[in-house]
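Input: a single structure, listed below in C-alpha cells.
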Amino acid sequence: MNKKGIVAATLGLLVVLSAQPVWARRCPSLIKEGRDLLAGAKLAKADQEKVKKLLDEAQKLHDGGSHGDSVKRANEALELLKKK
C-alpha cells in the first residue's frame, strides 16, 4: 500500500472511532424521551408493551456498548409513540 493509501485508511479509521462517543451520548436522551412520552401516551396495552420492550432493548444495547443499535431501537420506539 502506498503512503496516500495508508494515510487515507488511518483517517477513515479515526473518523469511525471518533463517531462512537457521539452515539453513546445520544442513546440515554432518546431512551428518556421515549419513556417520558410513554408515561403520558394513551396506547393499547399491546402497543405500550411493544414500546417498553424496544426501550428496554435500547438500554441493554447502550449498556453493552452497541450504541448504533441502541439508537436504532430507541428511534423505533419513538416512531411508534409519535404515530399514536
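All letters in the sequence shown, in the order written, are residues 0 to 83 by numbering that gives the first Met the number 0. C-beta atoms are modelled at their ideal positions from N, C-alpha and C, and glycine is treated no differently.
Quick check for students: name the residue ranges of the alpha helix (DSSP H) that lie wholly in the stretch 14-77, counting only runs of 4 or more.
Listed in chain order, the alpha helix (DSSP H) elements of length 4 or more contained wholly in the stretch 14-77 are 44-62.
Going by the CB atoms, is the gap between Q47 and L37 shorter than 8 angstroms?
Contact: yes.
A8 versus K41: straight-line alpha-carbon distance, rounded
One C-alpha to the other measures close to 50 angstroms.
With a Cβ-Cβ cutoff of 8 angstroms, do E56 and R72 count as a contact?
In this structure, R72 lies closer than 8 angstroms to E56 by Cβ.
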